[in-house]
Each structure stands twice: as C-alpha cells, then as structure tokens.
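Worksheet for the structure shown next.
Residue numbers (our numbering): 103 to 514.
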C-alpha cells in the first residue's frame, strides 16, 4: 500500500513484458530499465486511495507475476515489496501478420522461375524473408524490373539459388513475383479466401494480360524470369510470346496491382489452430479482376509439418553451394539462445580454421558465410563442426551442449 502520494513506481515481473504494449489508466510513461524491470512515471501524483491499472502483452506465453515493486516518495525509494498485484491475465495470441501467413505454409516451397538456372527456390518461409527484407535498416528490392539474368555484381545466376537478397538482386519485379506466388499459395491453402489464383485479370483495354487467370499470369511470369540463356552471346530477358511488346516496368505495375487488390486490415477467422484470414474486400470492389464461374476454386488443407519449418532441436544444414569456391553459406537452427563454435577440419581430423569461437546467438535460424580464401585452404574435402552451448535463464536453467558435423567440398 502507498503511504503518501507518488509519481513513480518500479515493478519487477517474472517474465519480460512487451514494452510497446503497455497501457495505463492514468496519464504517464513506461520505461524499461532492465529485462524484467519497468519504471512507471505518472503525469500527476497517485494518491494512496487511487488505483493504477497496468496492462501489457508478454513475449512468452506464461503466467505473469509481480516479483517486487516499490514507489518513490519525493525522490526517496520506498520499501521493495514482494507481492502479487496481478488480478487478471489470459493466454492469447497477437493478431497475425504477413510473416504468420508465410510461416503457415504460404512461404514453403516458393519458386520464382522455372527451376534450374536463373531461378530462386525458397525451401522455407525463412528463405522468403531473406529474399524480401535485409539488414537492420530493412533494405528491400527497389531496383529496375527485369528477369533473373544476373546478380547486382553482373555475374550470371547460373544455378538455382535458395534466396536472393536485396543487396545481391535489387529487382523489384522479383519481389512482386515472390508476393504473387505467396498469395496464390495462401489462397490454395485456405489461409486467405479461396479462388485467388483463378480470378481473371481484365482492365478492359485489350492488354496482353487481359483475359488471363492470375495462375496463368504467374506461369508466364516464371517463364520470363528464367528466360536468359547462358549459352547465348548476351544474357537477355525475353518476354513470352503472349506478352510480346510488354516492357518489364509495365509488367511490374500490373503484378503489383494484383498483389494489392485485396489489401486491408488483417483479421482472423481462426489463428490458434490453422490460420485463416477474413476477407477484407468484395470482388466487385476490384475493377480489374473478375470471377471465372467455370472454374472450381482450389482449396487444399494439408497437414503442415510445422517441425520441418521450425525445428524443436539443434540443426545443422548442408552448406550451400557445395562444392564451392571460395564462398559458401552454413545455416543452423538454435531452439534456445546459445554460444556457438564453428570449426573446419581436414580429412586427417586436423583443425584448419575457426569460423566462430563461442559467439552468442539468439534462438532461431542463423547463417554464417565461410570464405576459404581467408584461410588459404587448398582444394579437398573438409568437415565443418558446430558446437552449441545453451545460455541458461529462468525459463531454461539447464545448460545443454550439442555437436553436429557435416562434410563439404572445396574445388578451385
């Protein structure tokens, strides 16, 4: 209980609240002092008979308790009190977003192109995110619309790749192609209203896309994205015959129109089980799309193997590309925040390089680039060994270690 009026109260919770979700029934601000320590500063004095209501979401689904709290009386700190002030809490889910849509299956197995050279095949939704957004400044594809001929450094995309970052691609048409594939798949899976891929594009001007279903437009777009021929003297982008005369910038505009046709605030029919989003627009509100009544909408409700998308244990992936020269990527998954060591060994078991030395990583998918040139490695077979040590906290007090090894081939 308060013994005098106060403007400042500190609270230590047993878990970490999301600082951006705090609400107060009285004007004031909330400052995160430490991981679970928050300081509430009120605009006006709180009297001993007043009630202060504090609401927030937590970052982890667990029962919320107040471990300690104390007021500040005229610049002097009050007694720290271990008492439970929580009167109501409920386990609920935040409103889903585009990442949840991708994670629920729409971002699994997304191909842009025809497969093989000049194509990008996203195995998981994590690969899709790598293609679309990069770095702390959230870089995106804003470069000229074009096919998948070359990277930004001018080198040919000779092999199928898992993702194409904005730095390496800078191709806004590629980003829209990824989004269109995801929208079609989300509709086929029933995450968004079914039938999106079978809608007919029609601006009523006799354009090259008019009269085509969105699914057919995607097929033609894939053909264009993979059109360069490495055997030809020059890597050229060639429009499909049906789109003769169409320029890439105009194509980008049309694809972007389709992707944005049903934009609106996200709300759900269900989320806790299988994600399903409510429709935000009626079809007759979109003037350039119409329904083909002769086609039955495809709706597929597969059992998504979530463990294949987001593992529950430590995991080490095969390096990519493999064989390589001199650069390759190693991807691994951490179910817990961990210290990570990554070393290379030759076939005699001798250590030849240390890539990571007990460096801290957050939980989730991580990726590390290995440059054989830095370590002056000759051609040959090498083994890369990942050693992990979980970082103990109040939720996971037991430290666990894992050692995972895979083989790679360097060819110069």
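Glycine included, C-beta positions come from ideal geometry on N, C-alpha and C.
So what does residue 289 bridge to, in DSSP terms?
-> According to DSSP, residue 289 bridges with nothing at all.
Should the stretch 224-238 be regarded as contacting the stretch 312-332, the criterion being three or more beta carbon pairs within less than 8 Å?
-> no
Applying the criterion that 16 or more other CB atoms from any shown protein chain within 10 Å of the CB defines a buried residue, is residue 346 buried or exposed?
-> exposed
Short check: CB of residue 138 to CB of residue 158, under 7 Å?
-> no
Residues near residue 294 by beta carbon distance below 6 Å, same chain, minus five either side = 288 and 379
Assess, as a yes-or-no matter, whether the stretch 430-450 is touched by the stretch 463-470 under the definition of 3 or more beta carbon pairs within less than 8 Å.
-> yes
Taking 7 Å as the cut-off, decide whether the C-beta atoms of residue 206 and residue 215 are in contact.
-> no
In chain order, each alpha helix (DSSP H) run of at least 4 residues that lies wholly inside the stretch 263-289 = 268-271
Whose C-beta lies closer than 6 Å to the C-beta of residue 143 among residues of the same chain, with five residues either side of it excluded?
-> 110, 130 and 131
What residue range is occupied by the uninterrupted beta strand (DSSP E) comprising residue 536?
-> Because the chain in this structure spans residues 103 to 514, residue 536 falls outside the shown range and cannot be described.
Name, in chain order, the residues that DSSP records as bridge partners for residue 173.
-> 111
Locate the alpha helix (DSSP H) running through residue 232, then write down its first and last residues.
-> 227-234
Euclidean distance between Cα positions of residue 169 and residue 118 = 12 Å
Sorted by chain position, which residues of the same chain lie with C-beta nearer than 6 Å to residue 229's C-beta, five sequence neighbours on each side aside?
-> 264 and 265
Indicate the three-state DSSP secondary structure (helix, strand or coil) for residue 353 in the structure shown.
-> helix
Under the three-state reduction of DSSP, which class applies to residue 459: helix, strand or coil?
-> strand
Measure from the alpha carbon of residue 248 to the alpha carbon of each residue in 301, 331 and 341, then state which is nearest.
-> 341
Contacting residues, own chain, Cβ-Cβ under 7 Å from residue 252 (five flanking each side not counted) = 258, 259 and 337
Got a sec, what are the start and stop residues for the beta strand (DSSP E) residue 146 sits in?
-> 139-148
Out of 362, 493, 451 and 281, point me to the one whose CA is closest to residue 487's CA.
-> 451
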